[in-house]
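Working notes, beginning with the structure itself.
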Amino acid sequence: MAHLRSLPADNTDRSVRRWVKETLIASGDTMFAEERECAAIADRLMADLDPRSRLILEAVERRYDEGELTTLQGNLNRVCKGEPVQRVVGWTEFRGLRVGCSGDVLIPRPETEEVVQWFLEGMDMMEAPRSRKRVLDIGTGSGCVALAIKAERPHWDVVAVDISEAALAQAQANGDRLNLKVEWKQMDALNLEVMRDLGPFDGVVSNPPYIPQSETLEPHVQDHEPGLALFVPESEPLLFYKAMFAMVPTCLSAAGVMVAECHSEFTKSVADCWKLEGAQVHLLSDLQGAERAVRLVRS
Ligand SMILES: C[S@@+](CC[C@H](N)C(=O)[O-])C[C@H]1O[C@@H](n2cnc3c(N)ncnc32)[C@H](O)[C@@H]1O
């Protein structure tokens with residue numbers, strides 16, 4: 021059993037990193053079957069002890085003391101038992117930002133980093149792309165999307181909404197720590213009346229809940245992610261996309277851009293639902309080749 025493995029005898033960065041990787045592999049869990057994945061988890065656990073790069077840690081001959089190794093061992097045990105490493109350390113990287121992710125928020129995903137890219141590219145196609153813009157992130161969770169946009173377009177005004185008070189507390193804490201100013205609001209995105217009051221935006225982006233309730237998820241997702249962030253009613257897989265589309269006439273400027281991450285099985289349905297005279301709608305595929313998002317550009 022992984023949690024019975026003793027601490028490494030040699031406390032150099034290289035040896036400790038190797039020990040973490042070998043412990044994961046030795047656990048025999050299929051989740052840790054790939055060496056590359058184990059190396060990535062080891063890197064995250066080590067980065068939690070010291071965020072400097074591996075090259076620097078080797079150059080400065082970093083050694084870990086007993087307290088650090090005990091912390092590492094405890095974290096490693098949790099990972100071996102199926103907890104996502106991002107949850108164990110309490111943070112992840114999102115477009116170069118360190119974003120805190122408590123159990124109240126979805127762990128930001130790499131494919132959502134691409135959604136931000138597609139949003140920014142759509143916005144950059146607008147007239148005067150360098151001018152001040154007002155944008156909205158719906159279902160902000162940890163705030164990763166809103167914060168990445170603010171970091172990359174500091175002159176834009178970014179508003180972010182979520183129905184969950186606990187998620188917004190995490191988002192706000194992330195914003196404060198990163199010194200990025202976003203307007204956080206607790207709102208129900210399905211309540212069109214209140215959403216309309218937010219006024220017009222040049223861009224709207226969202227990674228809403230999109231998993232039908234009957235879908236079976238991997239245990240590390242099912243057991244460690246908030247249901248509120250994941251699921252939509254079985255009968256209404258397009259619930260949030262319909263609500264977003266209903267906002268377009270009043271909340272999206274005449275040349276505005278709207279992008280939403282989608283379940284790969286529903287991208288075409290979302291694109292159909294977003295058909296609008298004078299607007300272009302595109303399906304976007306992620307780096308794994310799965311259709312992942314829909315972008316609407318008004319003109
Ligand atoms: C899939 S998560 C996305 C979180 C974050 N934007 C990301 O990409 O990692 C969806 C988020 O929508 C929020 N949410 C669920 N229902 C909502 C509603 N009716 N109105 C506003 N936000 C909602 C959840 O609390 C959750 O934070």
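Numbering-wise, our numbering puts 265 at position 245 of the sequence shown, and it's gapless, one number per residue. Beta carbons are placed, not taken as given, at the ideal position from N, Cα and C, and that holds for glycine.
Should Glu134 and Arg312 be called a contact, given that it needs their Cβ atoms to be closer than 8 Å?
-> yes
Considering only residues of the region 185-259, which uninterrupted alpha helix (DSSP H) runs meet the minimum length of 4 residues and lie entirely inside it, listed in chain order?
-> 185-198, 212-216, 239-242 and 247-250
Give a yes or no on contact between the region 122-141 and the region 236-254, applying the rule of three or more CB pairs nearer than 8 Å.
-> yes
Does at least one heavy atom of ligand 1 sit under 7 Å from the Cβ of Thr112?
-> no
Is Val179 closer than 8 Å to Lys205 when the C-beta atoms are compared?
-> yes
Please find out if some non-hydrogen atom of ligand 1 comes closer than 7 Å to the beta-carbon of Thr287.
-> no
Which of helix, strand or coil does DSSP assign to Ile127?
-> coil
Comparing the CB of Leu237 with every heavy atom of ligand 1, is any distance shorter than 7 Å?
-> no
Going by C-alpha distance, which of Ala266, Gly94, Asn211 and Cys271 is nearest Trp294?
-> Ala266
Coil, strand or helix - Ser122 by DSSP = coil
On the three-state DSSP scale, how would you describe Thr132?
-> helix
Confirm, please, whether the CB-CB distance from Leu259 to Leu210 is below 8 Å.
-> yes
Touching or not, the region 184-202 and the region 214-232, by the rule of three or more beta carbon pairs under 8 Å?
-> no
Check the DSSP bridge columns for Gln300 and list the partner residues they point to.
-> Val317
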